Every structure is written in structure tokens, then in C-alpha cells.
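Novice: Each protein sequence line maps, in turn, to chains V and S.
Each step along the first sequence adds one to the number in our numbering, with nothing skipped, and position 131 is 131.
Each number in our numbering corresponds to the 1-based position in the second sequence with 449 added.
Where a beta carbon is used, it is the ideal one built from N, C-alpha and C, also for glycine.
Note that the structure is a prediction, hence the values are computed from the model and not measured.
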Amino acid sequence: MGKVINIQPITRIEGHAKVAIHLNEEGNVSDTFLHVQALRGFEKFCEGRPVEEMPRIVCHICGICPWAHHLASSKAGDACLGVTVPSAAIKLRRLMQMIAYVGDKLLNFYFLAAPDFVIGPDSDYSVRNVVGIIGAAPDIAKKVVHLRHLTAQILEEFAGRAIHPTFSMPGGVSKPMTEKERKKILVSADELLEFSKFTIGFAKENVFPKYLDAIKSIGVIKVGHIGTVTDDGALDFYDGKLRLMKPDGSFDDFAYDEYLDNIGEHVEPWSYQKFPFAKKWADKPVLDLDNPAGIYRSNCLARINVCDKMATPAAQAELEEFRESFGRPAHLTLLYHYARLIELVQCAESMVQLLHDPEITSPDIRVKVEPKAGRGVGCVEAPRGTLIHDYETDDNGLIKKANIIVGTTHNNAAMNLSVKKTATELIKDGTYDQGILNKVEMAIRAYDP
Amino acid sequence: MIKNLFEKSILVFGCGNILWGDDGFGPAVIDHLKKNYSLPENVLAMDMGTSIRDILFDIALSEKKPELLIIVDAVDHPGRNPGEVFEIPINKIPDNKTSDFSLHQFPTVNLLEELQSQTQIKVKILVAQTQKIPDEVKPGLSKEMENAVILACEQIWDFINVVV
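1. Under 8 Å, do Leu192 (chain V) and Ala311 (chain V) count as touching if we go by C-beta distance?
2. What does a CB cutoff of less than 8 Å around Lys372 (chain V) pick up in its chain, not counting 5 residues either side in sequence?
3. With DSSP run on the structure shown, which of helix, strand or coil describes Ile73 (chain V)?
4. In the segment 66-87 of chain V, which residues sit with their C-beta less than 9 Å from some C-beta in chain S, listed in chain order?
5. Can you list the alpha helix (DSSP H) stretches of 4 or more residues lying completely in the segment 277-339 of chain V, in chain order?
6. Less than 8 Å between the beta carbons of Pro276 (chain V) and Glu265 (chain V), yes or no?
7. Are there three or more Cβ pairs, one per stretch, closer than 8 Å when the segment 91-110 of chain V is compared with the segment 352-361 of chain V?
8. Got a sec, what are the start and stop residues for the alpha helix (DSSP H) Lys483 (chain S) sits in?
9. Buried or exposed: Leu23 (chain V), going by 16 or more other Cβ atoms within 10 Å of its Cβ?
10. Spell out whether any CB of chain V is found under 8 Å from the CB atom of Gly475 (chain S).
11. Let me see if you follow: with CB-CB separation under 8 Å, is Glu156 (chain V) close to chain C or not?
12. Name the two residues that bound the continuous alpha helix (DSSP H) containing Leu387 (chain V).
13. What is the C-beta distance between Ala68 (chain V) and Val380 (chain V), in whole angstroms, given that I count them as a contact (C-beta under 8 Å)?
14. List the whole-angstrom C-beta distance separating Ala20 (chain V) from Val4 (chain V), where the pair is believed to meet the contact cut-off of C-beta under 8 Å.
15. So with CB distances below 7 Å, who are the chain V contacts of Met400 (chain S)?
16. Counting only the same chain and skipping the five closest in sequence on each side, list residues whose C-beta sits under 6 Å from that of Val58 (chain V).
17. What are the start and end residues of the alpha helix (DSSP H) that includes Lys180 (chain V)?
18. For Pro269 (chain V), which beta-bridge partners are listed by DSSP?
19. Cutting at 8 Å between CB atoms, please list the residues of its own chain near Arg328 (chain V), excluding the five before and the five after it.
20. Spatial neighbours of Gln273 (chain V) within its chain, please: C-beta separation below 7 Å, excluding the five flanking residues on both sides.
21. Thinking C-alpha only, which one of S:Thr499, S:Thr568, S:Ala523 is nearest Val598 (chain S)?
22. Cβ of Phe111 (chain V) less than 8 Å from any chain S Cβ?
23. Runs of 4 residues minimum, wholly inside the segment 554-612 of chain S: which ones carry the alpha helix (DSSP H) assignment?
24. By the three-class DSSP mapping on this structure, what secondary structure does Thr547 (chain S) have?
25. At the level of alpha carbons, what is the spacing between Met169 (chain V) and Ser217 (chain V)?
26. If the cut-off is 7 Å on Cβ atoms, which residues from the segment 95-106 of chain V count as contacting chain S, listed in chain order?
27. Between the segment 568-577 of chain S and the segment 479-492 of chain S, can you find at least three pairs of beta-carbon atoms closer than 8 Å?
28. Under the assumption that Ser511 (chain S) contacts Val102 (chain V) (Cβ atoms under 8 Å), give the Cβ distance between them as a whole number of angstroms.
29. Is it the case that the Cβ atoms of Phe326 (chain V) and Leu319 (chain V) are separated by a distance below 8 Å?
30. Could you tell me if Lys450 (chain V) is buried or exposed, where buried requires 16 or more neighbouring beta carbons within 10 angstroms of its beta carbon?
31. Between which two residues does the beta strand (DSSP E) carrying Ile404 (chain V) extend?
32. For chain V, find out if any of its Cβ atoms is closer than 8 Å to the Cβ of Gly498 (chain S); answer yes or no.
33. Leaving aside the five residues before and after Ser548 (chain S) along the sequence, list all residues of the same chain whose C-beta is less than 6 Å from its C-beta, in chain order.
34. Is Asp448 (chain V) closer than 8 Å to Tyr336 (chain V) when the C-beta atoms are compared?
35. Output the distance between the C-alpha atoms of Lys309 (chain V) and Gly240 (chain V), rounded to the nearest integer angstrom.
36. Considering Met450 (chain S), what are the terminal residues of the beta strand (DSSP E) in which it resides?
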């Protein structure tokens with residue numbers, strides 16, 4: 001009878017998770033299981049609720065991505081009720097999304113990932129933690145806190161609430177932006193853009209090169225990728241079409257409402273969380289290290305792989321440099337951290353661009369909605385991956401059926417595979433230590449579940 | 450209000466998901482506090498829902514730290530009666546609050562320990578024993594937890610007055 005190594009909690013990741021590593025009698029890995037928290041029964045709970053209330057309710061699904069759920073739900077509501085949202089409202093939705101994402105990406109890099117890289121993956125946990133960062137880089141830590149607070153303040157002051165947003169709804173948004181607000185937010189946005197550029201430069205110079213061996217070895221798997229692109233192939237967080245890319249780089253594009261033709265949802269008895277898979281590649285996801293099938297990744301690495309280009313100039317320059325080093329598609333798992341910073345630059349640039357758009361202060365921010373029967377698939381790219389809200393309404397505009405696939409769920413199979421890969425390669429003959437177990441955690445943290 | 454986060458010396462954070470029955474205890478406590486108490490100027494009470502960890506990271510790294518941080522949450526603790534309100538030390542947080550399918554998005558215990566041991570912040574964790582956490586999404590507190598909300602607010606008021 002072998003042994004089971006349990007790692008719980010997986011420190012610093014965004015959701016709750018635990019890993020069970022099963023060893024055989026020789027002390028080598030026979031299997032691994034990653035369990036991630038799932039919100040069960042939410043779709044059933046939605047039934048019978050007015051579709052216009054959904055953007056407010058769904059924020060409670062995830063405390064880390066409330067804005068992504070808020071916007072995906074609004075878009076699904078727009079489609080169910082058959083309304084065309086005014087252009088200024090879409091720009092304001094995009095702006096709030098970018099502000100929320102900049103704060104999130106700064107949090108992820110500096111507080112969740114950085115302890116591993118700045119302090120070192122083999123360091124003792126007593127120093128490899130958030131407070132340890134202060135000692136290692138005090139000025140940067142202070143700046144990050146200041147800027148993250150700034151993003152939350154903008155969301156709160158302009159959009160009403162940062163944590164459980166109520167800003168967006170089917171048909172548009174709740175308030176227009178005044179010229180005075182635009183100017184004030186622009187000052188903060190410029191500061192955020194400058195720091196975003198500093199961050200990727202700092203990481204490329206001081207962080208990633210030191211850990212290239214770890215990047216090349218921890219949790220590496222070769223699977224597919226999913227993400228949203230515009231018609232001309234640029235990465236977009238708010239709207240576009242879905243692109244599902246095979247491990248070899250070939251891809252299919254499809255409209256959001258065709259996701260069921262392309263994505264299946266498999267269930268395993270040992271996990272409450274679903275295992276989405278690429279239906280056209282396999283009958284179900286196969287978590288075999290040598291021959292994985294049907295598995296794709298979401299979130300930043302997947303997005304920068306599927307897109308032909310970034311949507312903004314500085315981010316595009318970063319993507320070109322990244323691709324020169326790692327190719328397309330890039331498969332090294334820890335490159336998620338690098339990809340996240342390229343996205344950070346795009347989000348910050350987009351924020352500034354939107355604030356310079358004269359239409360952002362247009363008072364035309366909402367159209368009237370009437371209850372009606374319909375179906376709407378609202379999709380946005382959440383910080384943690386492609387987020388799909390699929391609603392059907394009855395004649396009274398009440399939800400008849402809902403299906404939600406969250407970003408982390410797309411990564412369920414891939415994360416399990418990366419954990420298995422890391423554990424299998426590092427744990428031999430029953431020998432392991434804190435550094436090895438932390439590397440298993442690092443493979444998970446990269447996906448930011 | 451988040452804009453006041455670093456200006457207040459006492460922070461009271463209610464955490465939990467209002468969609469999960471008794472797990473909505475923390476947010477309900479904050480709501481009751483705001484409606485029924487005149488909180489002193491130096492106190493910020495916030496419903497953090499399931500977003501508390503973001504804020505804790507910022508507090509951990511900020512130069513301006515609060516004197517007292519009170520975390521309010523629901524718990525399923527062996528040997529306690531439903532609706533019982535009690536304080537737990539950080540090192541006694543049950544395993545099911547730190548891992549896998551915890552319904553709570555509770556702040557990682559590691560982070561709270563870091564705050565307690567490596568900063569000057571005094572961390573208090575006030576919890577109430579759940580009557581039942583539903584298997585699937587179902588909002589609304591049990592009768593026991595509704596009573597616990599009042600008891601918890603009285604206890605928080607005492608904590609605040611000691612510091613004030």
C-alpha cells in the first residue's frame with residue numbers, strides 16, 4: 001500500500017485547492033488529484049430570476065473576478081433581451097474591466113507569484129511569503145499597494161462599488177462619465193500605465209532570467225489553448241470570437257453562441273469541478289502525461305498564444321519579444337507569469353486609450369429593455385480565463401436555463417496534468433522535501449486558479 | 450468605503466457568501482452593525498463578501514496599518530452549538546476553512562498568520578457556528594444564525610470600545 005501526500009492549502013492561490021499525490025510502494029508517483037473549489041448549484045439558483053438582476057447576483061460567484069462575471073452576465077442579458085447597447089456604454093464597461101484587471105494583475109504578480117521568484121522557490125515559507133516581499137523590495141511593495149488601492153478607489157468612486165459591482169446591466173450602464181471624472185481618472189491611468197511598463201521591464205531584467213531553469217522544467221505540458229480575438233486577430237478581453245488552438249498551433253474560430261458545438265463538459269467522480277474539453281479533438285479529456293487529449297488551457301498564456309497580435313502598441317512589442325524567445329504557441333507553464341505582464345501592459349494602455357476617446361463622456365449610456373424570451377451567450381475574458389454565461393429567458397424575461405463556465409474550470413484538466421507532471425518528475429523513491437512540494441504548488445499558482 | 454481603508458485604526462471585515470445559507474453570516478453582521486450602531490470615526494466596517502484576500506494583501510504590505518483587524522465569519526466547528534458565537538485563535542482555524550471545498554473564501558490562514566506574527570496588527574477572528582451550510586446555492590440565514598448576528602455585533606462593539 002503506497003502513501004498519499006496531501007498539500008493543503010495551496011498557499012497564495014486565488015481559490016481554495018488541495019493536492020493529493022499518491023505514491024506507489026516504491027515511493028514513486030502513481031497518480032495525482034487536484035481539487036479546486038466549485039460553486040455548486042448556481043445555475044439552478046438562477047432559474048426564475050429576472051435576467052436584469054443577474055449581473056448583480058453573479059458577482060457573488062467569485063470574490064476575485066466580480067467584474068468579469070458582472071460584465072459577462074450583462075452581455076448575456078443584452079442578447080436575451082435583444083438590445084443594442086450604446087457605444088459609450090460599451091466603452092465604459094471596457095474601461096471598468098481594464099481598471100479592475102490592472103489591479104488584479106498587479107496583485108497576482110507581486111503578491112502571489114513574486115515570493116517564489118523574488119525570494120526563491122526553495123526558501124523556507126517563513127520568509128517566502130507576502131511580508132517577505134517587503135524586506136526584499138520595500139519601495140516596489142509600497143508602490144504596488146498605492147496603485148492597487150487607486151484602482152479600487154476609481155471603481156468605487158465612479159462605478160459605485162469595487163467589490164460587488166452594480167454598474168452594468170442589460171441595455172447599458174448606470175451612469176455616464178463627466179469630463180471632470182475623466183480627467184481625474186486619466187491622471188491615475190497614466191500612473192498605472194507607467195508602472196505596468198516598469199513591471200514587465202523589471203521582471204524581464206531581474207526575475208525571469210534567474211529562474212529560466214525552473215520555467216523550462218516545472219509543470220510543462222503540451223496541450224491546446226482558448227481565448228477571445230477580434231476579427232483581425234487581436235487579443236480582446238471584452239468581445240470578439242473564441243479561438244481554440246491545438247497544441248501544434250492550428251486553430252478554429254467560432255462565435256460565442258457556438259461554444260456547445262466545440263466545448264464539452266466532462267465530470268470525474270473525484271471532483272465537483274467540471275472538466276471542459278475540446279469536443280472536436282476527443283470524446284473526453286484524457287489526463288495521460290504522454291498522450292493528453294482534448295485538453296486546452298485558458299487564461300493569459302492561452303490568450304497570448306491564440307491571438308495574432310496584441311491590441312495596443314507597447315503590448316505588441318512585448319509579444320514580439322516573447323515570441324522570439326518562446327515561439328507560438330508557447331507551452332512552458334511558468335510563462336503564465338510573463339504572459340500576465342504582457343496583458344497587464346495591454347490593459348493599462350487600453351485604459352488610457354479609452355479615457356482619451358471623446359465618446360467616453362457621452363450621456364447616451366443605456367437603452368430601455370423589455371422582458372422577452374431569448375437566448376444570450378455573454379462571454380468575456382476574465383483574469384483567470386474565458387468566462388461564459390449562457391442564459392435562456394421566458395416571455396417575462398425570467399431565466400429558464402443557465403449554464404456558466406468559469407475561467408479556472410477551463411484549466412481544470414491542464415492544472416491536473418501539470419501537477420502530475422511536476423510531481424512525477426520530482427518525487428522519486430519516496431524522497432521529497434518542502435522545495436519539491438512548493439514546486440508542485442508553483443505549477444498550480446501559474447494558472448492562478 | 451475602500452478609500453478609507455488605510456485611514457482607519459480598526460477594521461471589521463465580514464466575509465462569506467450570501468448565496469450559501471449560513472455562510473452569509475459575516476456580511477449580515479456588517480449590515481446589522483451599520484444599521485444599528487453608531488460606529489466611531491476610526492472604525493471601518495465592510496462586507497468583504499468573498500473578496501477579502503485582495504484587501505488583506507494590501508494591508509499586509511501597506512505602511513499605514515490598522516491597530517485592530519476583526520474578521521467575522523461562519524464556521525463549522527466540532528462540539529459547538531448552532532448560533533454559538535466565539536473567538537478562535539489563528540492557529541485553531543479548522544482545516545476545512547483553509548482548503549479544498551471551503552465555502553468561505555476565507556483569508557488564507559498563512560496570510561493571517563503573517564499579519565499577526567510579522568506586523569503590529571492585532572487580529573481577532575470572531576465566528577459563529579453554522580446550523581447548516583446547504584449543499585447547493587441557497588441564500589438566507591438559519592434562525593440560530595440570525596440570533597448570532599446580534600450577539601456578534603455586541604461582542605464587536607466591546608472589542609472596539611477596548612481600543613477606543
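Specialist: Quick answer:
1. Here residue 192 (chain V) is taken as the residue at index 192 of the first sequence, counted from 1. Here residue 311 (chain V) is taken as the residue at index 311 of the first sequence, counted from 1. No; because the gap between Cβ atoms is not below 8 Å, this pair is not in contact.
2. Within the first sequence, the letter at position 372 stands for residue 372 (chain V). Correct list, in chain order: Cys80, Leu81, Gly82, Thr393, Asp395, Gly397.
3. If you number the first sequence from 1, residue 73 (chain V) lands on position 73. Note that residue 73 (chain V) corresponds to Ser in the displayed sequence, not to Ile. In this structure, Ser73 (chain V) counts as helix in the three-state DSSP scheme.
4. Pro66
5. 300-306, 313-326
6. Against the first sequence, residue 276 (chain V) aligns to sequence position 276. Against the first sequence, residue 265 (chain V) aligns to sequence position 265. Yes; because the gap between Cβ atoms is below 8 Å, this pair is in contact.
7. yes
8. As a working note, residue 483 (chain S) is residue 34 in the second sequence. Looking at the DSSP string, the run of the alpha helix (DSSP H) that includes Lys483 (chain S) is 474-485.
9. The count along the first sequence starts at 1 and reaches residue 23 (chain V) at position 23. Per the 10 Å Cβ criterion, buried.
10. As a position in the second sequence, residue 475 (chain S) is number 26, starting the count at 1. False, the Cβ-Cβ gap to chain V never drops below 8 Å.
11. Chain labels in this structure do not include chain C; the protein chains are V and S.
12. Here residue 387 (chain V) is taken as the residue at index 387 of the first sequence, counted from 1. No alpha helix (DSSP H) contains Leu387 (chain V), which is instead part of the beta strand (DSSP E) from 385-393.
13. Within the first sequence, numbered from 1, the residue matching residue 68 (chain V) stands at position 68. Within the first sequence, numbered from 1, the residue matching residue 380 (chain V) stands at position 380. Confirmed, Cβ separation roughly 6 Å.
14. Locating residue 20 (chain V) in the first sequence gives position 20, where the first residue counts as 1. Locating residue 4 (chain V) in the first sequence gives position 4, where the first residue counts as 1. With a Cβ gap of about 6 Å, Ala20 (chain V) and Val4 (chain V) count as contacting.
15. Absent from the model: residue 400 (chain S). The displayed extent of chain S is 450 to 613, so no value can be given.
16. As a first step, residue 58 (chain V) must be located in the first sequence, where it is residue number 58. Excluding sequence neighbours, Val58 (chain V) sits near His69, Ser73.
17. Residue 180 (chain V) sits at position 180 when you count from the first residue of the first sequence. Looking at the DSSP string, the run of the alpha helix (DSSP H) that includes Lys180 (chain V) is 179-202.
18. Taking the first residue of the first sequence as position 1, residue 269 (chain V) is located at position 269. Bridge partners of Pro269 (chain V): none, in fact.
19. Walking along the first sequence from the start, residue 328 (chain V) turns up at place 328. Closer than 8 Å at the Cβ level, and outside the excluded window around Arg328 (chain V), lie Gly249, Asn305.
20. Position 273 of the first sequence holds residue 273 (chain V). Contacts found: Val36, Ala38, Thr409, Asn412.
21. As a position in the second sequence, residue 598 (chain S) is number 149, starting the count at 1. Of the listed residues, the one whose Cα sits closest to Val598 (chain S) is S:Ala523.
22. If you number the first sequence from 1, residue 111 (chain V) lands on position 111. Phe111 (chain V) belongs to the set of residues whose beta carbon lies under 8 Å from a beta carbon in chain S.
23. 558-567, 592-612
24. Residue 547 (chain S) sits at position 98 when you count from the first residue of the second sequence. For Thr547 (chain S), the predicted model reports a pLDDT of 45, less than 50, meaning its position is unreliable; a value from the coordinates is still stated below. The answer is coil: DSSP assigns Thr547 (chain S) none of H, G, I, E or B.
25. Locating residue 169 (chain V) in the first sequence gives position 169, counting from the first residue. Locating residue 217 (chain V) in the first sequence gives position 217, counting from the first residue. When rounded, the distance between both Cα atoms is 45 Å.
26. none
27. no
28. Here the question's residue 511 (chain S) lines up with position 62 in the second sequence. Here the question's residue 102 (chain V) lines up with position 102 in the first sequence. With a Cβ gap of about 18 Å, Ser511 (chain S) and Val102 (chain V) do not count as contacting.
29. In the first sequence, residue 326 (chain V) corresponds to position 326, counting from 1. In the first sequence, residue 319 (chain V) corresponds to position 319, counting from 1. Taking 8 Å as the Cβ cut-off, Phe326 (chain V) and Leu319 (chain V) do not qualify as a contacting pair.
30. Examination of residue 450 (chain V) is not possible in this model, given that chain V is present from 1 through 449 alone.
31. Residue mapping note: residue 404 (chain V) aligns to position 404 of the first sequence, counting from 1. Unbroken beta strand (DSSP E) run through Ile404 (chain V): 399-405.
32. Taking the first residue of the second sequence as 1, we reach residue 498 (chain S) at position 49. It does: the Cβ of Gly498 (chain S) has a partner Cβ on chain V nearer than 8 Å.
33. As a first step, residue 548 (chain S) is located in the second sequence; it is residue number 99 there, counting from the start. Here Ser548 (chain S) scores only 35 on pLDDT, less than 50, and its place in the model is too uncertain to base an answer on.
34. Position 336 of the first sequence, counting from 1, holds the residue named residue 336 (chain V). Position 448 of the first sequence, counting from 1, holds the residue named residue 448 (chain V). Yes, the Cβ-Cβ distance between Tyr336 (chain V) and Asp448 (chain V) is below 8 Å.
35. Along the first sequence, one-based indexing puts residue 309 (chain V) at 309. Along the first sequence, one-based indexing puts residue 240 (chain V) at 240. So the alpha carbons of these two residues sit roughly 14 Å apart.
36. Numbered from 1 along the second sequence, position 1 holds the residue referred to as residue 450 (chain S). From DSSP, Met450 (chain S) is part of no beta strand (DSSP E); its letter is neither H nor E.
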